[in-house]
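>
Protein chains: 2
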Amino acid sequence: MQFKIREISMEPKDIAIISRINNEHIVPQARFRLFFGQKEIQVSQVLKVENWVKEDEIGLSHSLIKNLGANEGDEVVLQTQSRSTSTSYSLIKQRIHQPGKTFNNAEIDQIIGDITTGALSPLETSVFITSQIFQDWTISEIEYLTKAIAGSGQMLDWKDMIIFDKHSLGGVPGNKVSLLIVPIIAAAGLTIPKTSSRAITSPSGTADTMEALGCEIEFSIDEIVEIAKRTNGLIAWTGGLNIVPADEKIIRDVQFPLGIDPEPMMIASVLSKKVAMGVQFLVLDIPTGGGTKVENLEVGKRIAHRFAELGLRLGIRIESGITYGSSPVGHSIGPALEAREALAALINPQHASDSLIGKSTSLAGILLEMSGKAIQGRGQDLALEILNSGKAYGKFQEILEAQSGDPMIQPEDIEVGECVYEYLAPQSGWIVEINNKIISRAARAAGAPMDKRAGVHFLKKKDSVKRGEVIFQLYAPNEKKLLAAEAELVKNVPLVIEGMLLARE
Amino acid sequence: MQFKIREISMEPKDIAIISRINNEHIVPQARFRLFFGQKEIQVSQVLKVENWVKEDEIGLSHSLIKNLGANEGDEVVLQTQSRSTSTSYSLIKQRIHQPGKTFNNAEIDQIIGDITTGALSPLETSVFITSQIFQDWTISEIEYLTKAIAGSGQMLDWKDMIIFDKHSLGGVPGNKVSLLIVPIIAAAGLTIPKTSSRAITSPSGTADTMEALGCEIEFSIDEIVEIAKRTNGLIAWTGGLNIVPADEKIIRDVQFPLGIDPEPMMIASVLSKKVAMGVQFLVLDIPTGGGTKVENLEVGKRIAHRFAELGLRLGIRIESGITYGSSPVGHSIGPALEAREALAALINPQHASDSLIGKSTSLAGILLEMSGKAIQGRGQDLALEILNSGKAYGKFQEILEAQSGDPMIQPEDIEVGECVYEYLAPQSGWIVEINNKIISRAARAAGAPMDKRAGVHFLKKKDSVKRGEVIFQLYAPNEKKLLAAEAELVKNVPLVIEGMLLARE
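If you read the sequences in order, they're chains P and D. Just so we're on the same page, our numbering is the position in the first sequence counted from 1, plus 183. Just so we're on the same page, our numbering is the position in the second sequence counted from 1, plus 183.
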């Protein structure tokens, strides 16, 4: 059917509004396409409403009209299909019904292309993602998938420069190590333009923590190249760049709402960003244990090998550090508290927590060895030397300045929540276990990561405590959030002291 | 957030409209719930639009307001969750990640309950459905699934009456056998209140064909019981009853748009309707071969055993007839043409096609043997006797009348499309293959099943033909539809004559 465009300010932006009296038939889960000249666009939903647009009008958002290259008043054609007729969905269906079948390069390109344009709906994409839990993917398939996702958006060309990077598979709260690793590597003269995500399910992502330091994190590709040339290092938000849009769409529309992350997609998601960013040397942090994506050392090793093998095919040298992921890194969780801790560790490494310094310098050490800056077995020593000499802090000040932050900022300048709850040891003994999931949930209930001031600060970790001593403090921006966070700690057991009753029934 | 209800006439009916200036944050694929008093309802999408509702208003459809038990102006609370926190979705995730895990009765009840209320979204339900392609389901699980789906809506109580039924797994065009089987069985004194679907992907469902005869097909449960007591038989539309809403939702929102139908759901979908309808004796038609759901005889036998075993657990005696499904049944495809052929076969069985009479009487014969009306091996003879004696036609006239049709209607009274295209034999020889999919596609392109007059009529089937003889006629309501249908026949090869070139490259 043909309609005249009318601009309507709305959200979500990919919906079309037509008149109730129009005889267009709307089937649940149908696919809708708009045609204007040579342009064709997917619409996620067509809504028929009374007394809003005229019978011959279609209401579209500004960005949809722009994507069509049209103007208000132009004529567009709306096509409704009760279900998909896309070749790429046929390919997905074929593979799920044929155990032996694998995808070739062109097939994966087509699937990823159709996800990017919206020709494959979230529902159809969910079949693609869910099937990866059950069907093994060959190394070639994951390679094609990585390249196709990388190719779905912009890619960086660094010319002769050699690019280093660090990535963590995640799942450990308090993991602010990038804020130490980036300045250590940059101070060693290597280029490390780190891109990070904001927190999705955790209390703080590296991008959130940088923001808590008062930094800009949204840059264009040109700005990233320019800053990296000047400082050797920076920490930017991935989402601000137009890289890997296919990956963003899959995570936003399918993986996040469903909470599933099958291995082929997990690997391709990480490596596609590295391919797009032009990375040549990568150290991969693989946290294992409770709450992480990797249940044990064996699985961690298998994943490390898979990454290394794929790296070879993609022209990226990858070495992995399999790390302990069952308790928080350092003493703080949440953007402001983590920013404070990382900054303090850079200024005064001797007083920082062993887990933070140990993890940061061992991962940085691997990169230093890969680069040839340190000989085998001496990377961590060099990293510690750079950190303890104050060179890493000096470099971090340059980075702060380059990202519009205050290079003289001190830990206590970073504002934390005014409302504090103190968790007291219910009995004396050793803290033998900290439940990452419960601690993270409490920090999120307190407002993290949206409210940067919220979080958890440990005074004692795997320590001996006396009954009544403060083990950790919970920070929240207001009483309501604090109560919500406290409720999580009452409902669940955040940590275990040897000999403590876990439940009484 | 709290809002004042404003009624808006719109479609789909499960969407909420709020103001653009409202600070409610809308995440893609988020879950939205409305609370009013003790009532809680899922909303599939929240749309923020400028200049439509006021900042404190929420626009809802009449049916949503009714389901909430609210009125315009009442205050409702809108809750947004970035993703599901439902227990049933956790259960689904657990099972896909644990190969050994199976569902118990209570777990399946919870999942089906949440699908029915919408607490599980189509996206989440797709994980449940897709995983069934990969993970084996135990017979107990399919039993629970069947019972849970049956229990999601109304169930019939026939008291002392014994209920017979016939069901086909489908996939064969022209399968109008129910229009013969129901009157044969009813004429034998058995009760067969057949419920049928409209066509989903085929050119005609039994319900569509009954409608082409000028019958009512939408009845309440009470009306079905009342008619069945009077005539012993009827053919009603399943969708008009409030039975198995969970099944309808799964098919409409997930299985149909995705085009997948894994075995556990396929079996549960059929049997849940039989449980809800109070069926005790069922003959199941399992068409095998090209275009059907069952690739070969072996698979057909396995499915037949699975149905029989489940039937035992559910109190339904099931026998299956595995039938030839690679070419159309009878000579006609499409609601009006099939109605003509079935009616003609009841009036004058001697002139009807062998495939129609043979399939109808053999399946009816199985039911007659199961009931004890015929001894083993003599069921089909009895069915033929009832048909040839005119008793089946007499019974069908009673059914026509009970369903508000004209008992004196003649085949030629049923209107067919005015525009006709004749497909001529491109060469002489035997017709060795008819491509069901292409014939169905042409009939649908001609307008079937929505336009009852559209369809295909074969003058020759697996016959010897001379070059230039008419093999089949294509009927369409107008020239445009006829051209669309012809295009399907040009693009593809609808039938094969021995020795014919299939393609030339």
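Just so you know, even glycine gets a beta-carbon here, dropped at the ideal spot from N, CA and C.
Excluding the 5 residues flanking D:G388 on each side, which residues of the same chain have their C-beta closer than 7 Å to its C-beta?
As a working mapping, residue 388 of chain D is identified with position 205 in the second sequence. Excluding residues within five positions, the ones whose Cβ falls inside 7 Å are S379, S380, R381, A382, P632.
> Just mark P:A625 as buried or exposed, buried being the case when its beta carbon has 16 or more other beta carbons within 10 Å.
Counting from 1 along the first sequence, the entry for residue 625 of chain P is found at position 442. So P:A625 counts as buried.
> What residues of chain P sit near D:T313, judged by a beta carbon separation below 8 Å?
Sequence index remark: in the second sequence, residue 313 of chain D carries index 130 (1-based). Within chain P, the residues near D:T313 are I279, S309, V310, T313, S314.
> Looking only at its chain, what residues have a beta carbon closer than 7 Å to the beta carbon of P:M344, apart from the 5 residues adjacent to it on each side?
Residue 344 of chain P sits at position 161 when you count from the first residue of the first sequence. So the list reads T374, once near-sequence residues are dropped.
> Can you tell me the Cα-Cα spacing of P:K644 and P:N618, whole angstroms?
On the first sequence, residue 644 of chain P is found 461 positions in, with the first residue counted as 1. On the first sequence, residue 618 of chain P is found 435 positions in, with the first residue counted as 1. So the two alpha carbons sit approximately 11 Å from each other.
> What three-state label does DSSP hand P:T506 in the structure shown?
Along the first sequence, read from residue 1 onward, the residue named residue 506 of chain P stands at position 323. Annotated three-state conformation of P:T506 is strand, per DSSP.
> Counting only C-beta atoms, is D:D436 closer than 8 Å to chain P at any point?
Within the second sequence, residue 436 of chain D is the residue found at index 253, counting from 1. D:D436 counts as touching chain P.
> Based on DSSP bridge pairs, tell me the residues matched to D:G573.
As a working mapping, residue 573 of chain D is identified with position 390 in the second sequence. Paired residues: none, contrary to the question.
> Distance cutoff 8 Å, beta carbons only. Does D:S271 sit that close to anything in chain P?
Residue 271 of chain D sits at position 88 when you count from the first residue of the second sequence. Taking 8 Å as the CB threshold, D:S271 stays off the interface with chain P.
> Check P:T285 in the structure and name its three-state DSSP category.
The count along the first sequence starts at 1 and reaches residue 285 of chain P at position 102. In the structure shown, P:T285 sits in coil (DSSP, three-state: anything other than H, G, I, E or B).
> Identify which residue in P:D444, P:A429, P:V232, P:I198 has its Cα closest to the Cα of P:F317.
The residue given as residue 317 of chain P occupies position 134 in the first sequence. The residue among P:D444, P:A429, P:V232, P:I198 with its C-alpha nearest the C-alpha of P:F317 is P:D444.
> DSSP state of P:T384, grouped into three classes?
Along the first sequence, read from residue 1 onward, the residue named residue 384 of chain P stands at position 201. For P:T384, the secondary structure class from DSSP, reduced to helix, strand or coil, is coil.
> Beta-carbon of D:P660 versus every beta-carbon of chain P: anything under 8 Å?
By 1-based counting over the second sequence, the position of residue 660 of chain D is 477. False, the Cβ-Cβ gap to chain P never drops below 8 Å.
> In three-state terms, what does DSSP make of D:Q533?
In the second sequence, counting from the first residue as 1, residue 533 of chain D sits at position 350. Three-state result, D:Q533: helix.
> For D:K231, which residues in chain P fall below 9 Å Cβ to Cβ?
Position 48 of the second sequence, counting from 1, holds the residue named residue 231 of chain D. Correct list: S192, M193, E194, P195.
> Could you spell out where the beta strand (DSSP E) holding D:D239 opens and where it closes?
Here residue 239 of chain D corresponds to residue number 56 of the second sequence, with the count starting at 1. No beta strand (DSSP E) contains D:D239, which DSSP labels as neither H nor E.
> Going by other Cβ atoms of all chains shown within 10 Å of its Cβ, with 16 needed for buried, is D:D436 buried or exposed?
Here residue 436 of chain D refers to the residue found at position 253 when the second sequence is read from its first residue. So D:D436 ends up on the buried side.
> Examine chain P for any beta-carbon lying closer than 8 Å to the beta-carbon of D:F186, and answer yes or no.
Here residue 186 of chain D is taken as the residue at index 3 of the second sequence, counted from 1. With 8 Å as the cut-off, D:F186 does not count as an interface residue toward chain P.
> Are P:E207 and P:M184 close, meaning C-beta to C-beta below 8 Å?
Locating residue 207 of chain P in the first sequence gives position 24, counting from the first residue. Locating residue 184 of chain P in the first sequence gives position 1, counting from the first residue. P:E207 places its beta carbon less than 8 Å from that of P:M184.
> From P:G301, P:A659, P:I614, P:I582, pick the residue whose C-alpha is nearest to that of P:G630; which is it?
By one-based count along the first sequence, residue 630 of chain P stands at place 447. Among P:G301, P:A659, P:I614, P:I582, the Cα nearest to that of P:G630 is on P:A659.
> Classify D:E652 as helix, strand or coil using the three-state DSSP reduction.
Numbered from 1 along the second sequence, position 469 holds the residue referred to as residue 652 of chain D. Coil at D:E652, not helix or strand.
> Do you know offhand how far P:I450's Cα is from P:E492's?
Here residue 450 of chain P refers to the residue found at position 267 of the first sequence. Here residue 492 of chain P refers to the residue found at position 309 of the first sequence. Using only the alpha carbons, I get a separation of about 11 Å.
> If I'm right that P:A608 touches P:V648 with Cβ under 8 Å, what's the distance once you round it to whole angstroms?
The sequence position of residue 608 of chain P within the first sequence is 425, counting from 1. The sequence position of residue 648 of chain P within the first sequence is 465, counting from 1. Taking C-beta atoms under 8 Å as the contact rule, P:A608 and P:V648 qualify, at a distance of about 4 Å.
> What does D:W341 pair with, by DSSP beta-bridge criteria?
As a working mapping, residue 341 of chain D is identified with position 158 in the second sequence. In DSSP, D:W341 forms no bridge with anything.
> Would a check of beta-carbon distances place P:W420 closer than 8 Å to chain D?
For the purposes of this step, residue 420 of chain P is taken as residue 237 along the first sequence, with counting starting at 1. By this cut-off, P:W420 is not an interface position.
> Please determine if the segment 304-319 of chain D and the segment 305-322 of chain P are in contact, where contact requires at least 3 C-beta pairs separated by less than 8 Å.
yes
> Any chance the segment 386-405 of chain P sits against the segment 513-530 of chain P, with 3 or more Cβ pairs inside 8 Å?
yes
> For a contact meaning CB atoms closer than 8 Å, what does D:W235 contact in chain P?
Along the second sequence, one-based indexing puts residue 235 of chain D at 52. Result: W235.
> Please decide whether P:I621 counts as near chain D, where near means a Cβ-Cβ distance under 8 Å.
Numbered from 1 along the first sequence, position 438 holds the residue referred to as residue 621 of chain P. No Cβ of chain D is located within less than 8 Å of the beta carbon of P:I621.
> What is the rounded straight-line gap between the Cα of P:M460 and the Cα of P:I410?
For this step, residue 460 of chain P is matched to residue 277 along the first sequence. For this step, residue 410 of chain P is matched to residue 227 along the first sequence. Between P:M460 and P:I410, the C-alpha separation is close to 14 Å.
> At 7 Å on the CB atoms, spell out the chain P contacts of D:G442, in chain order.
Indexing the second sequence from 1 puts residue 442 of chain D at position 259. Near D:G442 (Cβ distances below 7 Å), the residues of chain P are R266, K276.
> Helix, strand or coil for D:F402? Go by DSSP, reduced to three states.
Taking the second sequence and counting its residues from 1, the one referred to as residue 402 of chain D is at position 219. Three-state DSSP puts D:F402 in coil, outside helix and strand.
> Quick one: is P:V673 buried, meaning 16 or more other Cβ sit within 10 Å of its Cβ, or exposed?
Locating residue 673 of chain P in the first sequence gives position 490, where the first residue counts as 1. The residue is exposed, with fewer than 16 neighbouring Cβ atoms inside 10 Å.
> For D:I368, which residues in the same chain have their Cβ closer than 7 Å to its Cβ, ignoring the five residues on either side in sequence?
Looking up residue 368 of chain D in the second sequence gives position 185. Correct list, in chain order: F347, I375, G416, A547, L550.
> Would you call D:G588 buried or exposed, if buried means 16 or more other Cβ atoms sit within 10 Å of its Cβ?
The residue you call residue 588 of chain D lines up with position 405 of the second sequence. Buried is the call here.
> To the nearest angstrom, how far is it from the Cα of D:A670 to the Cα of D:T506?
As a working note, residue 670 of chain D is residue 487 in the second sequence. As a working note, residue 506 of chain D is residue 323 in the second sequence. So the alpha carbons of these two residues sit roughly 31 Å apart.
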